[in-house]
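K.L.:
Just passing along the structure, written as structure tokens.
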Amino acid sequence: MNKDFMYGIGAVKYKNKKVGYIAKNSFDMGGTKPESAEIDAEQVPGAPVLVIPQSNGKIGPKFDMIQLNFESLQQLLGGSLHKKGEKVTGWTAPRKIIVMEGPWELELVSGQSVLIPNATLLSDLGGKLTLTETAKIEVELKVAAPVADKVPPYGVFESTELPTEWSADNGWLLPEETEAAAGS
Numbered sequence: 005m006n007k008d009f010m011y012g013i014g015a016v017k018y019k020n021k022k023v024g025y026i027a028k029n030s031f032d033m034g035g036t037k038p039e040s041a042e043i044d045a046e047q048v049p050g051a052p053v054l055v056i057p058q059s060n061g062k063i064g065p066k067f068d069m070i071q072l073n074f075e076s077l078q079q080l081l082g083g084s085l086h087k088k089g090e091k092v093t094g095w096t097a098p099r100k101i102i103v104m105e106g107p108w109e110l111e112l113v114s115g116q117s118v119l120i121p122n123a124t125l126l127s128d129l130g131g132k133l134t135l136t137e138t139a140k141i142e143v144e145l146k147v148a149a150p151v152a153d154k155v156p157p158y159g160v161f162e163s164t165e166l167p168t169e170w171s172a173d174n175g176w177l178l179p180e181e182t183e184a185a186a187g188s
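Next up, the structure:
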């Protein structure tokens, strides 16, 4: 296994619980490119005289989850499970708008994990109901800054060496950004 490359979705976890199968070729890291303002001068044609950084690039993962059972519908869409005794027999969608936030781990086949401490889940039940396709939950993650100061919005670590901060007891955080790292 070559650690110089990142590839393949092994598992997607929300609050440390695996979500179901991801549709082939549906996972996209998404996001936006860094933004800057370019200042031009009349005396210097062809190139800006100053470039002012506005924002860093961001990730915004999107994927289709195709393993739909009642529990996965609730996990990614909210709503209520319905049971007869201990057996889950159904699911109903929430009536009111819900906000589902929390930590996400994208465990890669290549041996790394992308850790996102705070992302808002946007999802809907979609897809086609045919004999050649399945229904799916279309998922988009909006990555936000963690609540804790100095904690970065995401990070990449070896899957076997996740930081100690990445646990329910520690609030699903990443190591704090150091002063030296912030300025580089």
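Under our numbering, the first residue of the sequence shown carries the number 5, and numbering increases by one thereafter.
C-beta: ideal position from N, C-alpha, C; glycine also.
Keep in mind the model is a prediction, meaning the values are calculated, not measured.
1. Run the CB neighbour count on glutamate 90, radius 10 Å, all protein chains shown included, and call it buried at 16 or more, exposed below.
2. Going by other Cβ atoms of all chains shown within 10 Å of its Cβ, with 16 needed for buried, is lysine 88 buried or exposed?
3. How about the segment 151–158 and the segment 125–142: do they share at least three Cβ pairs that are nearer than 8 Å?
4. Sort Lys66, Gly106, Phe161 by Cα distance to glutamine 79 and report the nearest one.
5. Should phenylalanine 9 go down as buried or exposed, given a rule of 16 or more other Cβ atoms within 10 Å for buried?
6. Tell me which residue opens and which closes the alpha helix (DSSP H) that phenylalanine 74 is part of.
7. Runs of 4 residues minimum, wholly inside the segment 102–176: which ones carry the alpha helix (DSSP H) assignment?
8. Could you check whether the segment 112–123 touches the segment 156–167, counting it as contact only if at least three pairs of C-beta atoms, one from each stretch, sit closer than 8 Å?
9. Taking 8 Å as the threshold, find out whether the segment 31–48 comes into contact with the segment 59–66 through three or more Cβ pairs.
10. Decide if tyrosine 11 is buried, meaning its Cβ has at least 16 other Cβ atoms within 10 Å, or exposed.
11. Select from Lys146, Ser84, Ala123, Gly14 the residue whose C-alpha is nearest the C-alpha of alanine 27.
12. In whole angstroms, what is the alpha-carbon distance linking aspartate 68 and leucine 85?
13. Out of curiosity, what's the CA-to-CA distance linking serine 40 and leucine 177?
14. Identify which residue in Tyr25, Phe74, Lys146 has its Cα closest to the Cα of threonine 96.
15. Is it right to say leucine 72 is buried, meaning 16 or more other beta carbons lie within 10 angstroms of its own, or is it exposed?
P.N.:
On the basis of the supplied data:
1. If you number the sequence shown from 1, residue 90 lands on position 86. With fewer than 16 Cβ atoms within 10 Å of its Cβ, glutamate 90 is classed as exposed.
2. In the sequence shown, the residue the question calls residue 88 occupies position 84. The residue in question, lysine 88, is exposed, as its Cβ has fewer than 16 Cβ neighbours within 10 Å.
3. As far as the Cβ criterion goes, the segment 151–158 does not touch the segment 125–142, which means the pair count is below three.
4. The residue you call residue 79 lines up with position 75 of the sequence shown. Shortest Cα-Cα distance from glutamine 79 to any of Lys66, Gly106, Phe161 involves Gly106.
5. Here residue 9 refers to the residue found at position 5 when the sequence shown is read from its first residue. Exposed, since its Cβ has fewer than 16 Cβ neighbours within 10 Å.
6. The sequence position of residue 74 within the sequence shown is 70, counting from 1. Start and end: 74–81.
7. You should have found no qualifying run.
8. They touch, by the three-pair rule.
9. yes
10. Here residue 11 corresponds to residue number 7 of the sequence shown, with the count starting at 1. Counting Cβ neighbours within 10 Å, tyrosine 11 comes out exposed, since fewer than 16 surround it.
11. As a first step, residue 27 is located in the sequence shown; it is residue number 23 there, counting from the start. Of Lys146, Ser84, Ala123, Gly14, the residue nearest in Cα terms is Gly14.
12. The residue you call residue 68 lines up with position 64 of the sequence shown. The residue you call residue 85 lines up with position 81 of the sequence shown. Those two C-alpha atoms are separated by around 21 Å.
13. For the purposes of this step, residue 40 is taken as the residue at position 36 of the sequence shown. For the purposes of this step, residue 177 is taken as the residue at position 173 of the sequence shown. Rounded to the nearest angstrom, the two C-alpha atoms are 29 Å apart.
14. As a first step, residue 96 is located in the sequence shown; it is residue number 92 there, counting from the start. Checked all of Tyr25, Phe74, Lys146; the closest Cα to threonine 96 is Phe74.
15. Within the sequence shown, numbered from 1, the residue matching residue 72 stands at position 68. When all chains shown are included, leucine 72 counts as buried.
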